[in-house]
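Colleague: Have a look at the structure that comes next, please.
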Amino acid sequence: MTTSVENAGVSRRDFLYIATGAVGTVGTALALWPFIDQMNPDASVLALASTEFDLAPLEEGQSVTIKWRGKPVFIRHRTKKEIDEAKKTPLADLKDPIARNLNLPEDAKATDENRVKDGNGKVNEKYLVQIGICTHLGCVPLGQAGDYDGWFCPCHGSHYDSAGRIRKGPAPRNLDIPPYKYVSDTQIVIG
Ligand code: FES
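Position 47 of the sequence shown, counting from 1, maps to 82 under our numbering, and the rest follow consecutively.
What follows is the structure in structure tokens.
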């Protein structure tokens with residue numbers, strides 16, 4: 036199936052509203068989820084193992100949340116600042132040194148490059164694709180919040196950086212990267 040904005044019948048303007056809203060407050064984020072959820076098909080489709088997504092409409096600094104196998108997946112077109120910050124962070128500063136990228140070996144290091152590598156080994160540092168479930172107790176973190184230009188989980192105060200790596204708070208692990216691969220320059224298949 037294709038979970039592109041156009042195919043879901045949502046106009047580009049609506050999409051931009053969604054993406055912009057994703058950087059908003061707690062209330063905004065909670066209000067947006069049901070609306071974004073409407074972009075997804077019914078339960079029979081959700082049971083499918085893979086979801087295709089078109090990254091092309093996602094401009095720098097914008098994010099969208101889609102659903103894959105019933106889970107929220109955060110897709111962000113990172114800014115240069117976010118990429119630079121993530122790349123220059125020493126591994127020694129990370130709480131969890133493992134990439135947690137299902138496309139890589141279990142012991143792969145949590146470098147920024149390993150956080151944006153797909154199942155074919157392609158690295159596209161602009162786009163971060165990760166499962167939006169806090170590794171502490173499973174809340175959905177807020178985007179572009181917290182102390183590290185990344186995600187913040189308000190449930191118990193976990194801060195993730197711009198590569199989705201846990202930096203502060205009770206969460207023990209980096210946000211998981213789902214299995215995915217590029218099927219063109221802008222299309223990915225998750226699962
Ligand atoms: S569930 Fe996220 S910090 Fe506890």
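We treat Cβ as the ideally placed atom computed from N, Cα and C, and that holds for glycine.
Quick check on DSSP: helix, strand or coil for Arg150?
Modeller: Here residue 150 is taken as the residue at index 115 of the sequence shown, counted from 1. The answer is helix: DSSP assigns Arg150 an H, G or I state.
Colleague: Looking at C-alpha atoms only, which residue of Ala198, Ser197, Thr170 is the closest neighbour of Pro189?
Modeller: For the purposes of this step, residue 189 is identified with residue 154 of the sequence shown, where counting begins at 1. Closest by alpha carbon: Thr170.
Colleague: Does the beta-carbon of Ser85 have 16 or more other beta-carbons within 10 angstroms, so that it is buried, or is it exposed?
Modeller: One-based indexing of the sequence shown puts residue 85 at position 50. Ser85 is exposed by the Cβ-count criterion.
Colleague: Please classify Asn209 as buried or exposed, where buried requires at least 16 other C-beta atoms within 10 Å of its C-beta.
Modeller: Translated into positions along the sequence shown, residue 209 becomes position 174. So Asn209 counts as buried.
Colleague: With a threshold of 7 Å (Cβ to nearest heavy atom), would Leu172 be considered close to the ligand FES?
Modeller: In the sequence shown, the residue the question calls residue 172 occupies position 137. Yes, since a heavy atom of the ligand FES falls inside the 7 Å radius drawn around the Cβ of Leu172.
Colleague: Beta carbon of Ala206: closer than 7 Å to some heavy atom of the ligand NAD?
Modeller: The model depicted lacks the ligand NAD and carries the ligand FES instead.
Colleague: On the three-state DSSP scale, how would you describe Asp119?
Modeller: Taking the sequence shown and counting its residues from 1, one reaches residue 119 at position 84. DSSP, read as helix, strand or coil, puts Asp119 in helix.
Colleague: Out of Leu126, Gly154, Asn138, point me to the one whose CA is closest to Ser147's CA.
Modeller: As a first step, residue 147 is located in the sequence shown; it is residue number 112 there, counting from the start. Note that residue 147 corresponds to Asp in the displayed sequence, not to Ser. Comparing Cα-Cα distances from Asp147 to each of Leu126, Gly154, Asn138, the minimum goes to Leu126.
Colleague: In this structure, how does DSSP classify Asp128 when only helix, strand and coil are distinguished?
Modeller: Counting from one through the sequence shown, the residue named residue 128 turns up at place 93. DSSP places Asp128 in helix when its eight states are reduced to three.
Colleague: Below 8 Å between beta carbons: does that hold for Asp184 and Glu117?
Modeller: Within the sequence shown, the letter at position 149 stands for residue 184. Within the sequence shown, the letter at position 82 stands for residue 117. Cβ atoms of Asp184 and Glu117: closer than 8 Å.
Colleague: Would you say Ile225 and Tyr162 are within 8 Å of each other, going by their C-beta atoms?
Modeller: Walking along the sequence shown from the start, residue 225 turns up at place 190. Walking along the sequence shown from the start, residue 162 turns up at place 127. Not a contact, by the Cβ cut-off of 8 Å.
Colleague: Looking only at C-alpha atoms, which of Asp220, Tyr215, His191 sits nearest to Pro207?
Modeller: Mapped onto the sequence shown, residue 207 falls at position 172. The shortest C-alpha separation from Pro207 is found at His191.
Colleague: Return the first residue and the last residue of the beta strand (DSSP E) that Val218 is part of.
Modeller: As a working mapping, residue 218 is identified with position 183 in the sequence shown. Looking at the DSSP string, Val218 is not in any beta strand (DSSP E), and its letter there is neither H nor E.
Colleague: Determine the contact status of Arg150 and Asn159, defining contact as a CB-CB distance below 8 Å.
Modeller: Translated into positions along the sequence shown, residue 150 becomes position 115. Translated into positions along the sequence shown, residue 159 becomes position 124. It is not a contact, given that the beta carbons lie outside the stated cut-off.
Colleague: Within the same chain, show all residues whose beta-carbon is closer than 7 Å to that of Tyr52, passing over the 5 residues directly before and after it, in chain order.
Modeller: As a working note, residue 52 is residue 17 in the sequence shown. Legend: pLDDT at Tyr52 = 37, less than 50; position of this residue unreliable, no value from coordinates given.
Colleague: Just to confirm my understanding: we take Lys122, look at its own chain, exclude 5 residues before and 5 after, and list those with CB closer than 6 Å. What are they?
Modeller: To locate residue 122, count along the sequence shown from 1; it is residue 87. Once the five neighbours on either side are set aside, the close Cβ partners of Lys122 are Asp147.
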